[in-house]
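In the numbering used here, the protein residues as written are 1411 to 1993. Even for Gly, the Cβ is constructed at its ideal location relative to N, Cα and C. Have a look at the structure below before the remarks.
Below, the structure is given as structure tokens:
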């Protein structure tokens, strides 16, 4: 992303400067007369809608191409700035989930010529504007959410805050693929923005942004959380009224936390009649809650959100022989997803272990659909039990057994010449006996025993990535050991991988190591586990904390091997352990 050029769009606002001087646009200028002809002199019949800054018209060019024309109607200076803003972003950032630009009119008549999106806005489909709003089935809604998350992730990676993510700015094409539109308020992400007036649409605006006037990518994530709530409820935020000054996000979050599904979920989506849909909707609702959290630091980033959707693509089914299965479906067919698909199938097909997810089969690699079929694991991901909505708390000995199971799986992988590269609680799945099985091998790498490391672009989930690997690009089995150390800290604390320390957000590793070094272990541990009333458990958890401390040491040579970690965990369970064996 050429950020310096984008930044100039917000400083070159003189009315004496032309659009062509500010940036070199790469599509044609449409004569005003041609646009008049295309819209029948901007006839009311061609009217598509309007906002504070623009009015939209439908048109058709001489070559039959359907277009949407965006006409600005604010005073010249503001119009020019917004015009430059949108033309820059759409010109240099093409993406399948962003509205495309075909051209623009002259400076005297500032208009943008955009692709025409035939199925209108998501808001119209969900709200009262279109009677058949219920015709949007759940899987279509999930695809729309995935498309939107994909677009926002792309914008954020390229340093852009959208600033006005709403269902009215999500357009649906003839196949109901979503395209994000309206970049009139967008801003560069790595510049401090203190707003004179709040940018955005009431109900979707981040309360912290309203309070402090500072924009960040997390402001978009809040707005996206509101859109998720609209998708599962079919109710637009403008139809919700808050009591006692509560924000819409607070009201929605409370309904989700209280599992007041009948007040939130559109009953026509099959929530009560289809168990698979019910699980997926609950997963989306929980994700929405995370997106709506305050302060902003508690929210995931858009890349993490898009990973969350990968997990939700696991749907249950049953084979003819009665076996329950989980099916992972890749929505997009890209080089990246094909590589992920081939990698996971290739690795899992050669592995068999009681603590690894069992592969049943997959779709042909050259098919239009990329599906992987696994055994069905009934109790879901460890992350749901540590940080999700499950009411019961995993007891300490269950957590210790989960750690042993996971370590056993990693020892088997390392002995088989495989580095997992994405060890985290959401990839540790629990069966009906709470036996842990490691899954998701899309990022895994073969690791011949004659190598000390493999050079590669760092991948995985940031909070769990070995800092040395992240900095050098050199991954080794000790990278998995680091990630496992983070998991151990989560098991003894029930805390997420990043936590608040005072007014700052820090990694759980930093927080945990600080507490251990300062002999304040009680500030790390989950008090609900009753360690203070059970001396035996307290001794075990102290030993696990010390082991986790060793797993996250830098340089990596200070870390134990997974074999040593497993032996130590088994010794802790038996009441015998010697740390001098692994240091």
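Just how far apart, CA to CA, sit residue i and residue j?
i	j	result
residue 1780	residue 1744	11 Å
residue 1918	residue 1446	60 Å
residue 1873	residue 1964	15 Å
residue 1411	residue 1709	Its pLDDT being 31, under 50, residue 1411 is placed unreliably in this model, and the value from its coordinates should be taken loosely. C-alpha separation (whole angstroms): 25 Å.
residue 1465	residue 1459	6 Å
residue 1944	residue 1806	11 Å
residue 1908	residue 1673	32 Å
residue 1660	residue 1704	9 Å
residue 1759	residue 1784	11 Å
residue 1692	residue 1646	19 Å
residue 1618	residue 1630	12 Å
residue 1892	residue 1878	10 Å
residue 1519	residue 1624	33 Å
residue 1957	residue 1508	47 Å
residue 1641	residue 1530	16 Å
residue 1929	residue 1668	37 Å
residue 1448	residue 1552	35 Å
residue 1986	residue 1881	37 Å
residue 1938	residue 1953	19 Å
residue 1949	residue 1592	58 Å
residue 1439	residue 1475	16 Å
residue 1801	residue 1670	With a pLDDT of only 49 at residue 1801, under 50, the local geometry of the prediction cannot be trusted, and no value is derived from it.
residue 1685	residue 1788	13 Å
residue 1512	residue 1567	24 Å
residue 1855	residue 1455	58 Å
residue 1923	residue 1913	18 Å
residue 1803	residue 1794	11 Å
Would you mind working out which of the options sits nearest residue i, comparing C-alpha positions?
i	options	result
residue 1841	1694, 1880 and 1736	1736
residue 1701	1633, 1464 and 1908	1633
residue 1590	1562, 1617, 1615 and 1599	1562
residue 1932	1914, 1910, 1955 and 1913	1955
residue 1790	1811, 1770 and 1835	1835
residue 1772	1738, 1921 and 1794	1738
residue 1442	1786, 1688 and 1523	1523
residue 1816	1896, 1953 and 1877	1896
residue 1622	1706, 1793 and 1527	1706
residue 1696	1453, 1687, 1676 and 1639	1639
residue 1594	1949, 1585, 1847 and 1609	1609
residue 1515	1641, 1689, 1478 and 1788	1478
residue 1586	1611, 1557 and 1579	1557
residue 1533	1573, 1469 and 1636	1636
residue 1770	1927, 1733 and 1513	1733
residue 1451	1463, 1471 and 1938	1471
residue 1565	1550, 1505, 1968 and 1579	1505
residue 1570	1588, 1616 and 1626	1626
residue 1550	1588, 1960 and 1854	1588
residue 1927	1911, 1947, 1977 and 1959	1959
residue 1473	1969, 1444 and 1898	1444
Between residue i and the rest of its own chain, which residues show a CB-CB distance below 7 Å, the 5 nearest in sequence each way excluded?
i	result
residue 1857	1827, 1828, 1829, 1864 and 1887
residue 1763	1819 and 1822
residue 1528	1583 and 1584
residue 1480	1464, 1466, 1521, 1522 and 1524
residue 1653	Here the model assigns residue 1653 a pLDDT of 47, short of 50, so the residue's position is not dependable, and the following value carries that caveat. Here the set comprises nothing.
Residue i and residue j look like a contact to me (Cβ under 8 Å); what is the Cβ gap, rounded to whole Å?
i	j	result
residue 1548	residue 1680	6 Å
residue 1941	residue 1934	Not a contact, Cβ separation roughly 11 Å.
residue 1819	residue 1768	About 12 Å; that fails the 8 Å criterion.
residue 1753	residue 1849	In fact, because the Cβ distance is near 13 Å, the residues do not count as touching under 8 Å.
residue 1751	residue 1808	Contact flag wrong, Cβ pair sits at about 33 Å.
residue 1796	residue 1904	5 Å
residue 1894	residue 1975	7 Å
residue 1901	residue 1846	Residue 1901 to residue 1846, Cβ: 11 Å. No contact.
residue 1876	residue 1833	With a Cβ gap of about 10 Å, residue 1876 and residue 1833 do not count as contacting.
residue 1457	residue 1526	Between residue 1526 and residue 1457 the Cβ distance is about 13 Å, and since that is not below 8 Å, they are no contact.
residue 1980	residue 1839	Not a contact, Cβ separation roughly 22 Å.
Can you give me the Cβ contacts of residue i inside the same chain, cut-off strictly under 8 Å, excluding the 5 residues immediately before and after it?
i	result
residue 1746	none
residue 1694	1552, 1555, 1638, 1641, 1642 and 1722
Excluding the 5 residues flanking residue i on each side, which residues of the same chain have their C-beta closer than 6 Å to its C-beta?
i	result
residue 1720	Reliability fails at residue 1720, whose pLDDT of 49 lies under 50, so the model's placement of it is uncertain and the value that follows must be treated cautiously. Cβ within range, chain order: n/a, list empty.
residue 1676	1643 and 1644
residue 1688	1681
residue 1699	1663 and 1666
residue 1576	1611 and 1614
residue 1578	1531 and 1533
residue 1977	none
residue 1906	1797
With hydrogens ignored, establish whether the beta-carbon of residue i is closer than 8 Å to any heavy atom of the ligand PLP.
i	result
residue 1887	With respect to the ligand PLP, the structure shown offers nothing to examine, as it has no ligands at all.
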